[in-house]
Amino acid sequence: DAGVIQSPRHEVTEMGQEVTLRCKPISGHNSLFWYRQTMMRGLELLIYFNNNVPIDDSGMPEDRFSAKMPNASFSTLKIQPSEPRDSAVYFCASSSRGSYGYTFGSGTRLTVV
Amino acid sequence: DAKTTQPPSMDCAEGRAANLPCNHSTISGNEYVYWYRQIHSQGPQYIIHGLKNNETNEMASLIITEDRKSSTLILPHATLRDTAVYYCIVLTGNQFYFGTGTSLTVIP
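Keeping their order, the protein sequence lines are chains A and B.
With our numbering applied, the first sequence corresponds to residues 1 to 113, in that order.
With our numbering applied, the second sequence corresponds to residues 114 to 221, in that order.
Pasting the structure below:
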């Protein structure tokens, strides 16, 4: 099992540009979570999906952020337009009823200049 | 909304047991205690979880007090690779809320 796969690993973009982060959960996992980590705020839960349906997006900071899960094997987190304060490491995680906790991906380090 | 309290940092000598405490005094009867760790620049990694009984796996042991208001994660023989931030989390619904954790430094 390749684990949770995130791409890209690193992204540098200019302020105002659209950024799309991608996640492939573990096959068979039916829950998917997006987290953001910064030094100031630590790990924050942004949104989570259950069976491809968004359940709780109360952690999404603003309307500039949106997340989709078109099928069980793919999710995106989009920021449009991006701002320097969006710079962070974004983690995706997946889980299922039979799994112990979440399995996290390696993260995408986003830098907005 | 982490519902847990951990010391911000700890040191441990290599080869010795590392005992990481966590207070969760408002835990409900059916809420599990989970432990994760995050090694620098990597995603958090699941370690162990428990409800009432003590648990042990290949990575660590989890001791939960009888009143369930606190727990201790034990790494029996700490190595340099165990240097990481350790998070104690009370599972609420299906969502993990990470607090600030304990930064463990294993010293040679």
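By construction, the Cβ of each residue, glycine as well, lies at the ideal position given by its N, Cα and C atoms.
To the nearest angstrom, how far is it from the Cα of residue i to the Cα of residue j?
i: Y199/B; j: N166/B; result: 21 angstroms
i: S87/A; j: Q119/B; result: 27 angstroms
i: N51/A; j: R129/B; result: 44 angstroms
i: Y35/A; j: I187/B; result: 27 angstroms
i: Q155/B; j: V89/A; result: 10 angstroms
i: G28/A; j: S73/A; result: 9 angstroms
i: Q21/A; j: R85/A; result: Looking at the sequence shown, residue 21/A is not Gln but Leu. Those two C-alpha atoms are separated by around 16 angstroms.
i: H162/B; j: T169/B; result: 9 angstroms
i: S138/B; j: L204/B; result: 14 angstroms
i: Q151/B; j: I140/B; result: 23 angstroms
Nearest to residue i by CA position, among the options, is which residue?
i: G175/B; options: D124/B, C201/B, Q151/B, N207/B; result: At residue 175/B the sequence reads Leu, which differs from the Gly that was named. Nearest option by C-alpha distance: C201/B.
i: L133/B; options: P157/B, H153/B, A197/B; result: A197/B
i: L193/B; options: T218/B, E179/B, S122/B; result: T218/B
Classify residue i as helix, strand or coil using the three-state DSSP reduction.
i: L193/B; result: helix
i: P84/A; result: helix
i: N50/A; result: strand
i: E127/B; result: coil
i: M40/A; result: coil
i: F104/A; result: strand
Is it buried or exposed, residue i, if we count other Cβ atoms within 10 angstroms and call 16 or more buried?
i: Y159/B; result: buried
i: Q17/A; result: exposed
i: D114/B; result: Residue placement at D114/B is poorly supported in this model, since its pLDDT is 49, which falls under 50; the coordinates are not used for a value here.
i: V146/B; result: buried
i: Q6/A; result: buried
In chain order, what residues of the segment 29 to 46 of chain A put their CB closer than 7 angstroms to some CB of chain B?
Under the 7 angstroms Cβ criterion, the segment 29 to 46 of chain A contributes S31, G42, L43, L45.
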